[in-house]
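K.L.:
Heads up: the sequence lines are chains L and R, in that order. Read in the working numbering, the first sequence has 1067 at position 5, and its numbers run on one by one without any break. Read in the working numbering, the second sequence has 1215 at position 153, and its numbers run on one by one without any break. For glycine and all other residues, C-beta sits at the position ideal for the given N, C-alpha and C. These numbers come from a predicted model, not from an experiment.
Number of protein chains: 2
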Amino acid sequence: MRIGIDTKGGDKGIDEIIKGTFEAYNIQRFTPVFLGDTEKIKLKIDEFKYKFDDIDIIEAPEVITNEDDPTLAIRRKKNSTIVVGANLLSDNKIDALISSGSTGALLASSIFIVKRIEGIERTALSVFLPTAIGKTLLLDAGANMDCKPSYFLDFAIMGSIYLNKVLGINNPKVGLLNVGTEEGKGNKQSKEAFDILSKSNLNFIGNVEARDLISGVADVIVCDGFAGNIALKSFEGVAISLIRQMKSVFNNNLKTKISGLLVKSSLKEMLKQYDYRETGGAPLLGVKKPIFKAHGSSDALAYKNAIFQTIKFTENNVISEIEKKLAEGNINE
Amino acid sequence: MRIGIDTKGGDKGIDEIIKGTFEAYNIQRFTPVFLGDTEKIKLKIDEFKYKFDDIDIIEAPEVITNEDDPTLAIRRKKNSTIVVGANLLSDNKIDALISSGSTGALLASSIFIVKRIEGIERTALSVFLPTAIGKTLLLDAGANMDCKPSYFLDFAIMGSIYLNKVLGINNPKVGLLNVGTEEGKGNKQSKEAFDILSKSNLNFIGNVEARDLISGVADVIVCDGFAGNIALKSFEGVAISLIRQMKSVFNNNLKTKISGLLVKSSLKEMLKQYDYRETGGAPLLGVKKPIFKAHGSSDALAYKNAIFQTIKFTENNVISEIEKKLAEGNINE
């Protein structure tokens, strides 16, 4: 399997990306196809004394930043890592693409270069959230701001297949993110989406409140990209802030410092589930080829996990399963 | 000051409501006007041996539950605590109303019985969120599901005046809840709201991401009731779950139990800011009279604080300030 790896995205720089790739490579073989400045990549691999039996490096000197307009940028920056990667993917020269660069550019490339799966109206960003009993897949987590209720059905189908193929969950429970659990709650969009999902043959369990994102009541939770992004970032913000405050409490005085030493390992284990690096990446669902968005502040550990996730996604043919399901067309009961 | 107190709302029953009222009364004098079953209220007060110098009890035998349709219920259940309270408020027989009952019914009563302030298009539920440096007011936190962008300006004006009059914040910083900080981010609604807020003479600081709800970058954050509810409940859900998990870690083994004893008081102090009971209630902004929604699971402490908050809101003439500002009409620069 040839995996395109964008060495220019991300806040932590090329070092962590190459380190993470090598760590993954040592556990599970694949062909890394590094995208970026060829010389710089070679120098880094030499500097770290990494030995890859099988490797490819493709020159892509440009980078699309978060300040660029995504749709314009993918037309103008033809030599950017993301555009070069998307073209390789479209031409079957790589099997998957991972980037921690601009989500917008990745999304635009997925739509205009790699193209959407026949029958899917919108590409969605899907993110795993840690829950009390495992994890929940939230989509759309920020790709589509203004959604028609019909998109929610696509999101639910894609999320269900993803969980089934990658985590082995049989008939995943699908929830609709809403302001109350009762039918009839919410805005115009969510009421219409509720009707559409109710008529599908998915395992639709109804509305799910944002406070239950963390309780694990549903395996997949669907929403528009605006609400999904608000839910996700509120979740992340509170978790990060609370964990930081908690850690600082242990620094209060001698007594709390001793307390910190005694609880450290147990606390670390508990907090591991809130570490985005353990999950790695988020697939763009609805595209014809595997494209994974890694967190902007990914380090080597996050990269390693994003690669494992990408391999699993690709090996398990999630995309062809989605295509098959849509071709069958028996979505409604 | 006569404060109407709904003794039928809330999950914890009448005991906590009466206890909280008495605790508040012992610190700051006001006239409690209990709404509910007269005999039951009298019996409870006797049972607890509470002495009020000044008290009123109004018979209101019915209750509107969360299962009732709010608009229908306020027409049909004329003897419910909320409808009786709203009528007393409208007739100037009480100065403020507190309820931990159905938010929908409270909202419907505020619109159809107490009425909106002239010039305000929608009533908003405003909630304080704890931040790293104090607190942020979020509105609308769930009253209006489908909003026009123009409502956001009302929310921002009302929130700013509330913070100025109640917390003494000069020229409060107003943020727009959005998926990114840059101008041009978001859905159609938030882009239009951004334009409207930019043209106002409020201290508009631009877009605020949901992860910054907790960082205190803005004093007031405005959004529609759907997004506000999602943000708020995601925030609450994660905070509650993390705190619960953290506490359970201290029960792991002897070492962690000792650790827990050593850090207990410091941790308790830190966690106090995440306790909704410390804030008490959320005003319905945009109504002609003070109406406070107390949390559904309010106990005596939460009630006590909701009463203090209601007194402060009423004494500081927040509503007449909003009316004045709207009458002046110089909202745009």
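Just reading off the beta strand (DSSP E) that G1066(L) is part of, what are its end residues?
P.N.:
R1064 to D1068
K.L.:
Given that M1220(L) touches chain R, what residues does it touch there, using C-beta distances under 8 Å?
P.N.:
From the beta-carbon of M1220(L), no residue of chain R is found nearer than 8 Å; the closest lies around 21 Å away.
K.L.:
Under the DSSP definition of a beta bridge, which residues are partnered with D1118(R)?
P.N.:
V1095(R)
K.L.:
For the region 1283-1316 of chain L, which residues have a CB atom closer than 7 Å to at least one CB atom of chain R, in sequence order?
P.N.:
Residues passing the 7 Å Cβ filter: F1288, A1289, N1291, I1292, A1293, K1295, S1296, F1297, E1298, G1299, V1300, A1301, S1303, L1304, Q1307, M1308, V1311, F1312 and N1314.
K.L.:
Check T1198(R) in the structure and name its three-state DSSP category.
P.N.:
Reduced to three states, the DSSP call for T1198(R) is strand.
K.L.:
Whole beta strand (DSSP E) runs in the region 1149-1236 of chain L with 3 or more residues, listed along the chain?
P.N.:
1158-1161, 1189-1193 and 1196-1201
K.L.:
Check F1354(R) in the structure and name its three-state DSSP category.
P.N.:
strand
K.L.:
How would you list, in chain order, the residues of chain R whose beta-carbon sits under 8 Å from the beta-carbon of G1147(L)?
P.N.:
The contacting residues do not exist; G1147(L) stays about 23 Å from chain R at best.
K.L.:
Spatial neighbours of G1248(L) within its chain, please: C-beta separation below 6 Å, excluding the five flanking residues on both sides.
P.N.:
N1240 and V1241
K.L.:
Could you work out which residues of chain L lie near K1250(R), taking near to mean beta carbons separated by less than 9 Å?
P.N.:
Those within 9 Å of K1250(R) in chain L are M1207 and D1208.
K.L.:
Enumerate in chain order the residues of its own chain whose CB-to-CB distance from G1082(R) is below 6 Å, with the five nearest sequence positions on each side excluded.
P.N.:
A1362, Y1365 and K1366
K.L.:
Please name the residue, chosen from V1125(R), I1144(R), F1110(R) and I1160(R), that lies closest to P1094(R) on a Cα-to-Cα basis.
P.N.:
I1160(R)
K.L.:
When the Cα of K1309(L) is compared with those of I1267(L), G1299(L), F1297(L) and V1325(L), which residue comes out closest?
P.N.:
V1325(L)
K.L.:
Just to make sure I have the definition right: I need the residues of chain R whose C-beta is within less than 9 Å of the C-beta of D1274(L). Which are they?
P.N.:
K1295 and G1299
K.L.:
My guess is that F1288(L) and A1289(R) are in contact by the Cβ rule of under 8 Å, so how many angstroms apart are they, rounded?
P.N.:
Contact between F1288(L) and A1289(R) is confirmed by a C-beta separation of about 7 Å, below the 8 Å threshold.
K.L.:
Out of T1133(R), D1131(R), I1119(R) and G1322(R), point me to the one whose CA is closest to L1030(R)'s CA.
P.N.:
The requested residue 1030(R) does not occur in the structure, where chain R is confined to residues 1063 to 1395.
K.L.:
Using beta-carbon positions only, say whether T1376(R) and A1158(R) come within less than 7 Å of one another.
P.N.:
yes
K.L.:
Would A1194(L) be called buried (16 or more neighbouring beta carbons within 10 Å of its own) or exposed?
P.N.:
exposed
K.L.:
Shortest alpha-carbon distance to E1101(L) belongs to which of P1123(L), R1091(L) and K1235(L)?
P.N.:
Comparing Cα positions, the closest option is P1123(L).
K.L.:
Could you tell me the alpha carbon to alpha carbon distance between S1303(R) and L1304(L), rounded to whole angstroms?
P.N.:
Answer to the nearest angstrom: the Cα atoms are 11 Å apart.
K.L.:
CB-CB under 7 Å to E1183(L), same chain, minus the five flanking residues each way: which ones, in chain order?
P.N.:
S1212, Y1213 and D1216
K.L.:
In angstroms, rounded to a whole number, what distance separates the CA positions of P1345(L) and H1357(L)?
P.N.:
11 Å
K.L.:
Taking a contact to mean a Cβ-Cβ separation below 7 Å, would you say K1111(R) touches I1076(R) in this structure?
P.N.:
no
K.L.:
Can you tell me which of the three DSSP states F1266(R) falls into?
P.N.:
Secondary structure of F1266(R) (DSSP, three-state): strand.
K.L.:
Is it the case that the Cβ atoms of P1275(L) and S1296(R) are separated by a distance below 7 Å?
P.N.:
The sequence as given places Leu at residue 1275(L); Pro does not occur at that position. Yes, Cβ-Cβ distance for L1275(L) and S1296(R) is below 7 Å.
K.L.:
Along the region 1188-1208 of chain R, where does the CB come closer than 8 Å to a CB of chain L? Name the residues.
P.N.:
A1194, G1204, M1207 and D1208
K.L.:
In chain order, which continuous runs of the beta strand (DSSP E) of length 3 or greater are located wholly inside the region 1277-1345 of chain L?
P.N.:
Whole beta strand (DSSP E) segments, 3+ residues: 1282-1284.
K.L.:
My output table needs one value for S1359(R): the three-state DSSP class, helix, strand or coil.
P.N.:
Coil.
K.L.:
With C-beta atoms as the reference, is I1179(L) less than 7 Å away from E1385(L)?
P.N.:
The answer is yes: Cβ separation under 7 Å.
K.L.:
Residues of the region 1320-1347 of chain R in Cβ contact with chain L at a cutoff of 7 Å, in chain order, please.
P.N.:
I1320, S1321, L1324, V1325, S1328, L1329 and M1332
K.L.:
Tell me, which residues are paired with I1349(L) by DSSP?
P.N.:
Residue 1349(L) is actually Val in this sequence, not Ile. Paired residues: R1178(L).
K.L.:
With DSSP as the reference, please indicate the residues paired to L1238(R) in a beta bridge.
P.N.:
N1269(R) and V1284(R)
K.L.:
Measuring only between beta-carbons, confirm whether V1241(R) sits less than 7 Å from chain L.
P.N.:
yes
K.L.:
Under 7 Å between beta-carbons, which chain R residues line up against T1318(L)? List them in chain order, please.
P.N.:
Those are L1324, V1325 and S1328, listed as they occur along chain R.
K.L.:
Ordered along the chain, which non-local residues of its own chain (more than five positions away) have a Cβ less than 6 Å from that of F1084(R)?
P.N.:
Y1112
K.L.:
Going by Cα to Cα distance, which pick from F1256(R), A1167(R), N1232(R) and F1114(R) is closest to E1129(R)?
P.N.:
The residue with the shortest Cα to Cα distance from E1129(R) is A1167(R).
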